[in-house]
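Remarks on the structure that follows.
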């Protein structure tokens, strides 16, 4: 649950409250609270602003997992679990989710043409756990995704089968 709370927002609230307390204490000539407000409040407020500027929001679930799929998470590989946890939490200092991974796979020609992870969902296929990542990929062709399918399997493997498909909305998906 804590992974879903933006740290930048928390620091903005705490820093803002402490700074306001500092200003009120200054107006009332209360030196102790004044120092706390200014020496702690302002830096925390600035830290919150910096984190907010570098914040990358979590990727939303396009379908919420059923109880059966949640039970199947025990079958997920360590890599699948790490990817799911990383993309569904706030990140700081990154341009996009899985940006380094896409670059290593040769699917990110540059920052402006990088595929964007728009959603994910978990499902059960043939009794096995499946993690589906949904990318908007207008600059990387579907054929290029298909060429990289074997590399995706080895990069995220062992023990996974990657599938690349293109839904009707013309988005590139890899599973």
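Residue numbers (the numbering used here): 40 to 214.
Here a beta-carbon is modelled for each residue, glycine too, at the ideal position from N, C-alpha and C.
Three-state class that DSSP yields for residue 91 in the structure shown
Numbered from 1 along the chain shown, position 52 holds the residue referred to as residue 91. Residue state, collapsed to three classes: helix.
Could you check what DSSP says for residue 102 in three-state terms: helix, strand or coil?
What you label residue 102 is simply residue 63 of the chain shown in a count that begins at 1. DSSP, reduced to helix, strand and coil, places residue 102 outside both helices and strands of the structure shown, so it counts as coil.
Check the C-beta distance from residue 42 over to residue 128 and give it rounded, since I have them as a contact under 8 Å.
In the chain shown, the residue the question calls residue 42 occupies position 3. In the chain shown, the residue the question calls residue 128 occupies position 89. With 8 Å as the limit, residue 42 and residue 128 qualify as a contact, their Cβ atoms being about 4 Å apart.
Could you give the DSSP three-state label for residue 127: helix, strand or coil?
Within the chain shown, residue 127 is the residue found at index 88, counting from 1. In the structure shown, residue 127 adopts coil according to DSSP, grouped into three states.
Quick one: is residue 123 buried, meaning 16 or more other Cβ sit within 10 Å of its Cβ, or exposed?
On the chain shown, position 84 is the one that residue 123 refers to. Here residue 123 is buried, its C-beta having at least 16 other C-beta atoms within 10 Å.
Status (buried if at least 16 other CB within 10 Å, exposed otherwise) for residue 58:
Taking the first residue of the chain shown as 1, we reach residue 58 at position 19. When all chains shown are included, residue 58 counts as buried.
Whole-Å CB distance - residue 119 paired with residue 170, under 8 Å assumed:
Along the chain shown, one-based indexing puts residue 119 at 80. Along the chain shown, one-based indexing puts residue 170 at 131. Yes, residue 119 and residue 170 are in contact; Cβ-Cβ is about 5 Å, under 8 Å.
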